[in-house]
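In this text, residue positions in the sequence shown follow the numbering used here: the first is 1, and each later residue adds one.
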Amino acid sequence: GRLYDAIEYRGYKQTIVEELAKYAGVPVFNGLTDEFHPTQMLADVLTMIEHSNKPLNDISYVYIGDARNNMGNSLLLIGAKLGMDVRICGPKSLLPEEELVEVCQKFAAESGARITVTEDIDSAVKDVDFVHTDVWVSMGEPIDSWGERINLLFPYQVNMQLMRRTGNPNVKFMHCLPAFHNCETEVGKKISIKYPELANGIEVTEDVFESSMNIAFEQAENRMHTIKAVMVASLG
């Protein structure tokens, strides 16, 4: 705190950033931990508002995939706080911790949010305005560790069929990026050799990513605007 006006922490354990905030003496921003990604949520909500003509509490979205990670947890939490229609969908073993779900249900009781946590894809995606996903395995993890995760998550891949299952012709796709949407990256090439069924994308397919449904780049731009707002609010 003697050296900086503020500190952003982007790392691993949530307890580390909380301890840093406790002792820093200056504002500490959580840029990402294993458990939560709050600054991303500001950009995501702004992006959904910009691409919807509905009031906030009428906007519906689904997060589909590995829902126990920081994006799944955070999208559950922010929607519960803001009174939105939140659906979290993934294999049973990759759904958010029950303790977090219970906390979010309490927030939902106050805000009017509707929370659905389910393995069932059709009920999760029905009529949603936005489909969110994230990478299935964190960057840097060895490819040999992907097998079990791919077997679990392949049914939850965001592809054109899944987007059509929403029944909403105006549905939009969102991703915090980077995305493995083809086999042109180093990781994509290695994965496509070992798992040919993923040659057209891992968590999201190329046709969805390159379509007009994709607003992930608008979402990325809004990171800049919302972070500036956080800095003005906390340092002004």
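Beta carbons: idealized from backbone N, C-alpha and C, even for Gly.
Buried versus exposed call for residue i [16 or more other C-beta atoms within 10 Å across all chains shown]
{"i": "LYS172", "result": "buried"}
{"i": "PHE217", "result": "exposed"}
{"i": "LEU235", "result": "exposed"}
{"i": "SER145", "result": "exposed"}
{"i": "HIS132", "result": "buried"}
{"i": "LEU153", "result": "buried"}
{"i": "MET213", "result": "buried"}
{"i": "LEU198", "result": "buried"}
{"i": "ILE191", "result": "buried"}
{"i": "LEU3", "result": "exposed"}
Backbone CA spacing between residue i and residue j [nearest angstrom]
{"i": "THR39", "j": "ASN222", "result": "10 Å"}
{"i": "ILE215", "j": "ASN170", "result": "12 Å"}
{"i": "VAL101", "j": "LEU75", "result": "11 Å"}
{"i": "ILE202", "j": "GLU210", "result": "14 Å"}
{"i": "ALA124", "j": "PRO142", "result": "31 Å"}
{"i": "VAL137", "j": "GLY188", "result": "12 Å"}
{"i": "TYR195", "j": "PRO55", "result": "42 Å"}
{"i": "LEU82", "j": "ILE49", "result": "12 Å"}
{"i": "VAL62", "j": "ASN53", "result": "18 Å"}
{"i": "LEU77", "j": "ARG68", "result": "12 Å"}
{"i": "THR229", "j": "GLN14", "result": "In the sequence on display, residue 229 carries Ala and not Thr. Looking at the two C-alpha atoms, the distance is approximately 23 Å."}
{"i": "SER111", "j": "GLN219", "result": "24 Å"}
{"i": "PHE130", "j": "HIS51", "result": "9 Å"}
{"i": "GLU184", "j": "VAL204", "result": "14 Å"}
{"i": "ALA24", "j": "VAL45", "result": "29 Å"}
{"i": "GLY147", "j": "GLY1", "result": "44 Å"}
{"i": "LEU94", "j": "ASP66", "result": "5 Å"}
{"i": "MET250", "j": "ASN57", "result": "Residue 250 lies beyond the range of the chain shown here (1 to 236); nothing can be said about it."}
Residues near residue i by beta carbon distance below 8 Å, same chain, minus five either side
{"i": "ILE121", "result": "ILE64, CYS89, PRO155, TYR156, LEU162, ARG165"}
{"i": "VAL17", "result": "TYR9, GLY11, VAL28, ASN30, THR33"}
{"i": "ALA6", "result": "VAL26, PRO27, VAL28, PHE29, MET231, SER234, LEU235"}
For residue i, the residue or residues it bridges with in DSSP
{"i": "ASN57", "result": "Bridge partners of ASN57: none, in fact."}
{"i": "LYS172", "result": "PHE130"}
{"i": "ASN214", "result": "PHE173"}
{"i": "ASN30", "result": "TYR9"}
{"i": "ARG87", "result": "VAL62, THR116"}
{"i": "VAL158", "result": "VAL204"}
Supposed contact pair residue j and residue i - C-beta distance, whole angstroms, cut 8 Å
{"i": "ASP113", "j": "GLY79", "result": "The question names Asp, but residue 113 is Ala in the sequence shown. ALA113 to GLY79, Cβ: 6 Å. Contact."}
{"i": "ASN70", "j": "THR47", "result": "So it is not a contact: roughly 18 Å between Cβ atoms."}
{"i": "ILE59", "j": "MET84", "result": "5 Å"}
{"i": "ASP134", "j": "CYS104", "result": "Not quite, the Cβ-Cβ distance comes to about 18 Å (not below 8 Å), so this is no contact."}
{"i": "VAL208", "j": "MET174", "result": "So it is not a contact: roughly 11 Å between Cβ atoms."}
{"i": "ALA43", "j": "THR226", "result": "5 Å"}
7 Å CB neighbourhood of residue i in its chain, flanking five on each side removed
{"i": "GLU206", "result": "HIS181, ASN182, ASN200"}
{"i": "ASN73", "result": "GLU35, PHE36, PRO96, LEU100"}
{"i": "GLY167", "result": "LYS126, ASP127"}
{"i": "GLU98", "result": "none"}
Sequence-distant residues of the same chain with beta carbon closer than 6 Å to residue i, five excluded per side
{"i": "THR116", "result": "ARG87"}
{"i": "PHE107", "result": "ALA80, LYS81"}
{"i": "PRO91", "result": "LEU152"}
{"i": "THR118", "result": "CYS89, ALA124"}
Residue i beta carbon near the ligand NAP (any heavy atom closer than 6 Å)
{"i": "TRP136", "result": "No copy of the ligand NAP occurs in the structure displayed, which carries no ligand at all."}
CB contact below 7 Å: residue i versus chain D
{"i": "LYS106", "result": "Absent from the structure: chain D. Only one protein chain is present."}
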